[in-house]
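Everything below concerns the one structure shown next.
Protein chains: 2
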Amino acid sequence: MKNATPTTAPNASASSERVTVTLDMVAKRAGVSPSTVSRILNGTAVVSEAKRQAVMDATQALGFVPNPLARGLAGGKTFSIGVVTQAIDSPFYGAALRGVEDALDPAGYSPLFMSAHWDPAAEARCLDVLRSRRVDGIVVLMPRLSDSALEACAQTLPMVVTGRDLRGPQLYSLNFDNFNGGRMATEHLIAQGHRQIAFIAGADEHPDAAERMRGYRYALAEAKIAFDPRLVVPGQYHEVSGLEAAKTLVQQGLPFTAIFASNDQMASGAALGLFQSGLRVPQDVALVGFDDLPTSMYATPPLSTIQQPAYDLGRLAACAMLELLAGNTPTEELPAPALLVRASSDSLRV
Amino acid sequence: MKNATPTTAPNASASSERVTVTLDMVAKRAGVSPSTVSRILNGTAVVSEAKRQAVMDATQALGFVPNPLARGLAGGKTFSIGVVTQAIDSPFYGAALRGVEDALDPAGYSPLFMSAHWDPAAEARCLDVLRSRRVDGIVVLMPRLSDSALEACAQTLPMVVTGRDLRGPQLYSLNFDNFNGGRMATEHLIAQGHRQIAFIAGADEHPDAAERMRGYRYALAEAKIAFDPRLVVPGQYHEVSGLEAAKTLVQQGLPFTAIFASNDQMASGAALGLFQSGLRVPQDVALVGFDDLPTSMYATPPLSTIQQPAYDLGRLAACAMLELLAGNTPTEELPAPALLVRASSDSLRV
DNA sequence: TTGTAGGCGTTATCAG
DNA sequence: CTGATAACGCCTACAA
Chain H
31 MKNATPTTAP NASASSERVT VTLDMVAKRA GVSPSTVSRI LNGTAVVSEA KRQAVMDATQ
91 ALGFVPNPLA RGLAGGKTFS IGVVTQAIDS PFYGAALRGV EDALDPAGYS PLFMSAHWDP
151 AAEARCLDVL RSRRVDGIVV LMPRLSDSAL EACAQTLPMV VTGRDLRGPQ LYSLNFDNFN
211 GGRMATEHLI AQGHRQIAFI AGADEHPDAA ERMRGYRYAL AEAKIAFDPR LVVPGQYHEV
271 SGLEAAKTLV QQGLPFTAIF ASNDQMASGA ALGLFQSGLR VPQDVALVGF DDLPTSMYAT
331 PPLSTIQQPA YDLGRLAACA MLELLAGNTP TEELPAPALL VRASSDSLRV
Chain E
31 MKNATPTTAP NASASSERVT VTLDMVAKRA GVSPSTVSRI LNGTAVVSEA KRQAVMDATQ
91 ALGFVPNPLA RGLAGGKTFS IGVVTQAIDS PFYGAALRGV EDALDPAGYS PLFMSAHWDP
151 AAEARCLDVL RSRRVDGIVV LMPRLSDSAL EACAQTLPMV VTGRDLRGPQ LYSLNFDNFN
211 GGRMATEHLI AQGHRQIAFI AGADEHPDAA ERMRGYRYAL AEAKIAFDPR LVVPGQYHEV
271 SGLEAAKTLV QQGLPFTAIF ASNDQMASGA ALGLFQSGLR VPQDVALVGF DDLPTSMYAT
331 PPLSTIQQPA YDLGRLAACA MLELLAGNTP TEELPAPALL VRASSDSLRV
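Right under this line is the structure:
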């Protein structure tokens, strides 16, 4: 990271350096042709060691930095990859984007982030903008576009998507096992002795929300606990809806001793709702979330949850893209869901 | 947003469209020269209405989208602006970045996000990368680089920074009144009858952390409350440090009835620390944070805090950049700090 | 008003 | 192995 800076190098840095140093200037100074400089800098061909040194020296001395725009125009590769996220200000996507950054940076690629806000039309627009910017590939986190639209896009560019099961020559996907996650959360509650377990569902359009619910129902069935639709309240994956859901449950009067919220944000809202209703977590009601947001372990009380590795999701998606770009077949896989038991569902830990 | 799509327009969209449509093709189809097309599309000159129509039609029909790379190479403007954030996965920066997105998008500019992780060297690298990518301007959120380094950079490019007071021909800054924020938070606690108010400080390197502390001390002095250094514990602006700070305070044995944490993340950690120590918020200890993160109102109990408009911070910074780019002198100002009293510091609200 | 020519900084394709 | 010579797609004088 920290190469000793040769005294000859006026490394532009965040300082002066007015004129732009071009490849031609390097070529001239090194006494070779521009093409040779290009070849050396890109390792496109074998070059004599002598010229090689001369070019490297000149590059250093002049502080030459290739112009990505020109590179993109001429060569077709821009070394930037488009990343479509749904909300850059969501804790979940934030972690994922950081994973993307961390994976792309060392490879010399720059991410180009765009938010689609769960709107298919906006998502399509993102793809268009990204393609017009000539990105080398596109990663879509939790797309809302149809499989076919994504597949169509993959005909033109390497694509990696998460939250789907799509494969193709230029298409790779990474999916999380939401079903088993939902099942594990519910089984944990059942193991703790709970029989009346409420469920705060996620937005209908989210396929993963449906999977989590399926896991919930599966676990209930396995335990021979009758499914009571009245204990299932809708949510929208954000705090307010969790708060409202909890209040609905309380007001409804139907007894319940535990809540499984299909994501941490709603669990957080539900915790507040219970608190405001005078119910203690976990003494009166046990609570389990889903995602394991960075803040969940610092909630009061710390929230039990299913760990969904958002950071790794982003990182692996980016790695897969790098593989695709290198012409390889990606093999990255997401880790299996893991249950994190914390105080919110375990009275012994309080 | 939703123009009726003319039947003649095969709007590439997220679909097929193999070949790239160039400006020359549009020119040919419209029966004019490339330069005319360029002029019309950029409004660079006055053109006859007839040709104008012809070009617009051809553009539509062909679904032409100008290549930003070529545009950047030839004209110098890339319509992308670099945005240096410290951590893309922080709730505070997340909100700010969303503000940036929202302001830039309608103006036709794309943000290029990079994270510096509070490391000056990394920040310098971000600036270099961004400049090498030929962005039209750079916005730095809460820079760690020296004023002079930023000013130097502003000689080359329009710059907008937050958390500093810097002005220049190509440089604009947006600063938040951390001193008064800290003061208001403390005064609130004092008004609630508290005399022993602990303070969880922020990282030393953050200038805003020092300002908040100054506000704390100022308010104490105003109220003739002796400043007790033992009630000030260091923090790092993240949850763990708040948790540890609270435990330190409790173990220390010195009585205190309130805590002012210099940011919400630490306040959240402190809340957990108090909880684990068997202390109730606000009955035993009142708690006030700083920032008003989106999640703070859903904390258990909801956290009183000083509202720092992160979203607006980003939005206004981006707007200022747009002004700079348009050759105007920005005039955006950040709103004054506001105190939000919630249950964590008000027993009546619980 | 509008067309022509040249160039922005690289890479790629050919010869040599 | 290396050097010309085209593009890449668009913008901007300059000339008409």
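One line per chain: the protein sequences are H and E, in this order.
Taking my numbering, the leading residue of the first sequence gets 31, the next gets one more, and so forth.
Taking my numbering, the leading residue of the second sequence gets 31, the next gets one more, and so forth.
Even glycine gets a Cβ: it sits at the ideal position worked out from N, Cα and C.
> What is the DSSP secondary structure of Q90/H, counted as helix, strand or coil?
Replying inline: On the first sequence, residue 90/H is found 60 positions in, with the first residue counted as 1. Here Q90/H sits in helix by DSSP.
>> I need the straight-line Cα distance from T37/H to W148/E, nearest angstrom please.
In response: Within the first sequence, residue 37/H is the residue found at index 7, counting from 1. Within the second sequence, residue 148/E is the residue found at index 118, counting from 1. Residue placement at T37/H cannot be trusted, given a pLDDT of 32 that sits under 50; what the coordinates show is reported in the next sentence. One C-alpha to the other measures close to 27 Å.
> Closest by CA to E362/E, which one among L103/E, A133/E and V77/E?
Replying inline: Sequence index remark: in the second sequence, residue 362/E carries index 332 (1-based). For E362/E, the nearest C-alpha among the options comes from A133/E.
> Is E269/H close to chain E, meaning its C-beta is less than 8 Å from at least one C-beta of that chain?
Replying inline: Position 239 of the first sequence holds residue 269/H. Cβ-Cβ to chain E under 8 Å: yes for E269/H.
>> For a cutoff of 8 Å on Cβ pairs, would you count L370/H as touching chain E?
In response: Looking up residue 370/H in the first sequence gives position 340. L370/H does not count as touching chain E.
> By how many angstroms is the C-alpha of E217/H removed from the C-alpha of C183/H?
Replying inline: Sequence index remark: in the first sequence, residue 183/H carries index 153 (1-based). Sequence index remark: in the first sequence, residue 217/H carries index 187 (1-based). Approximately 40 Å, taken between the alpha carbons.
> Given P360/E, which residues of its chain have a CB within under 7 Å of its CB, disregarding the five upstream and five downstream residues?
Replying inline: In the second sequence, the residue the question calls residue 360/E occupies position 330. So the list reads Y202, A350, E353 and L354, once near-sequence residues are dropped.
>> Contact criterion: CB-CB distance below 8 Å. Does D376/H meet it with respect to chain E?
In response: Position 346 of the first sequence, counting from 1, holds the residue named residue 376/H. For D376/H, the answer is no, since every Cβ of chain E falls outside 8 Å of its Cβ.
>> Check for me: the alpha helix (DSSP H) holding F122/E runs from which residue to which?
In response: Residue mapping note: residue 122/E aligns to position 92 of the second sequence, counting from 1. First-last of the alpha helix (DSSP H) with F122/E: P121 to L134.
> Using the C-alpha atoms, what's the distance from P121/E back to P324/E?
Replying inline: Start at 1 with the first residue of the second sequence, and residue 324/E comes out as number 294. Start at 1 with the first residue of the second sequence, and residue 121/E comes out as number 91. Cα-Cα distance, rounded: 8 Å.
> Using the beta-carbon count (16 or more within 10 Å), is N208/H buried or exposed?
Replying inline: Along the first sequence, read from residue 1 onward, the residue named residue 208/H stands at position 178. Burial call: buried.
> Can you name the start and end residues of the beta strand (DSSP E) that Y202/H belongs to?
Replying inline: Locating residue 202/H in the first sequence gives position 172, where the first residue counts as 1. Residues L201 to L204.
>> Suppose only complete runs of 3+ residues qualify. What are the beta strand (DSSP E) ranges in the segment 300-351 of chain H, listed by chain order?
In response: 316-318 and 335-337
> According to DSSP, which residues form a beta bridge with V263/E?
Replying inline: Residue 263/E sits at position 233 when you count from the first residue of the second sequence. DSSP, once it has assigned bridges, lists I230/E as partnering V263/E.
> Taking just the CA atoms, how far does T108/E sit from R101/E?
Replying inline: Within the second sequence, numbered from 1, the residue matching residue 101/E stands at position 71. Within the second sequence, numbered from 1, the residue matching residue 108/E stands at position 78. C-alpha separation (whole angstroms): 7 Å.
>> With three or more C-beta pairs closer than 8 Å as the rule, is the segment 334-343 of chain E touching the segment 302-316 of chain H?
In response: no
>> According to DSSP, simplified to helix, strand and coil, what is M55/H?
In response: Here residue 55/H is taken as the residue at index 25 of the first sequence, counted from 1. In the structure shown, M55/H sits in a helix (DSSP, three-state: H, G or I).
> Assuming L333/H and D294/H make a contact with CB atoms under 8 Å, what is their CB distance in whole Å?
Replying inline: One-based indexing of the first sequence puts residue 333/H at position 303. One-based indexing of the first sequence puts residue 294/H at position 264. Right, their Cβ atoms sit about 6 Å apart.
> Among residues of its own chain, excluding the 5 on either side of P64/H, which ones have a beta-carbon nearer than 7 Å to its beta-carbon?
Replying inline: Taking the first sequence and counting its residues from 1, one reaches residue 64/H at position 34. The answer, listed in chain order, is L53, D54 and A57.
>> What ranges does the alpha helix (DSSP H) occupy inside the segment 140-202 of chain H, keeping only unbroken runs of at least 4 residues that lie completely in it?
In response: 150-162 and 177-186
> Using Cβ-Cβ distances below 8 Å, what residues of the segment 94-107 of chain H are close to chain E?
Replying inline: V95, P96, N97, P98, L99, A100, G102 and L103
>> Any beta carbon from chain E within less than 8 Å of Y328/H's own beta carbon?
In response: Looking up residue 328/H in the first sequence gives position 298. Closer than 8 Å to some Cβ of chain E, the Cβ of Y328/H qualifies, so yes.
>> So for V113/H, helix, strand or coil by DSSP?
In response: Along the first sequence, one-based indexing puts residue 113/H at 83. DSSP places V113/H in strand when its eight states are reduced to three.
> Would A329/H pass as a contact of M296/H if the rule is Cβ separation under 8 Å?
Replying inline: Indexing the first sequence from 1 puts residue 329/H at position 299. Indexing the first sequence from 1 puts residue 296/H at position 266. Cβ distance not < 8 Å, so A329/H and M296/H don't count as in contact.
> To the nearest angstrom, how far is it from the Cα of P173/H to the Cα of G232/H?
Replying inline: Walking along the first sequence from the start, residue 173/H turns up at place 143. Walking along the first sequence from the start, residue 232/H turns up at place 202. Between P173/H and G232/H, the C-alpha separation is close to 16 Å.
> Does any residue of chain H bring its CB to less than 8 Å from the CB of G198/E?
Replying inline: Here residue 198/E corresponds to residue number 168 of the second sequence, with the count starting at 1. False, the Cβ-Cβ gap to chain H never drops below 8 Å.
>> Checking 8 Å against the spacing of the C-beta atoms, do V190/H and V169/H come in under that value?
In response: Within the first sequence, numbered from 1, the residue matching residue 190/H stands at position 160. Within the first sequence, numbered from 1, the residue matching residue 169/H stands at position 139. Contact: yes.
> Given A151/E, which residues of its chain have a CB within under 7 Å of its CB, disregarding the five upstream and five downstream residues?
Replying inline: Taking the second sequence and counting its residues from 1, the one referred to as residue 151/E is at position 121. Excluding positions up to five away in sequence, the list is empty.
>> Which residues does DSSP list as the beta-bridge partners of A291/H?
In response: Within the first sequence, residue 291/H is the residue found at index 261, counting from 1. In the DSSP output, where bridge partners are listed per residue, A291/H has I230/H.
> Among R194/H, A249/H and D119/H, which has the Cα closest to the Cα of N210/H?
Replying inline: Numbered from its first residue, the first sequence carries residue 210/H at position 180. Cα-wise, what sits closest to N210/H is A249/H.
>> I'd like to know if I118/E contacts chain H, where contact means its C-beta is closer than 8 Å to some C-beta of that chain.
In response: By 1-based counting over the second sequence, the position of residue 118/E is 88. Output row for I118/E: interface = yes.
> Would you call the CB atoms of A373/H and P312/H closer than 8 Å?
Replying inline: Sequence index remark: in the first sequence, residue 373/H carries index 343 (1-based). Sequence index remark: in the first sequence, residue 312/H carries index 282 (1-based). Yes, they are a contact pair.
>> According to DSSP, simplified to helix, strand and coil, what is A368/H?
In response: Here residue 368/H refers to the residue found at position 338 when the first sequence is read from its first residue. A368/H: strand per DSSP, three-state reduction.
> For R247/H, which residues of its own chain have a beta-carbon under 8 Å away from its beta-carbon, when the five flanking residues on both sides are left out?
Replying inline: Against the first sequence, residue 247/H aligns to sequence position 217. Same-chain partners within the cutoff: F257.
> At a CB-CB cut-off below 8 Å, which residues of chain E make contact with A125/H?
Replying inline: Here residue 125/H refers to the residue found at position 95 of the first sequence. Near A125/H (Cβ distances below 8 Å), the residues of chain E are D119.
> Using Cβ-Cβ distances below 8 Å, what residues of the segment 129-143 of chain E are close to chain H?
Replying inline: E131, S140, P141, L142 and F143
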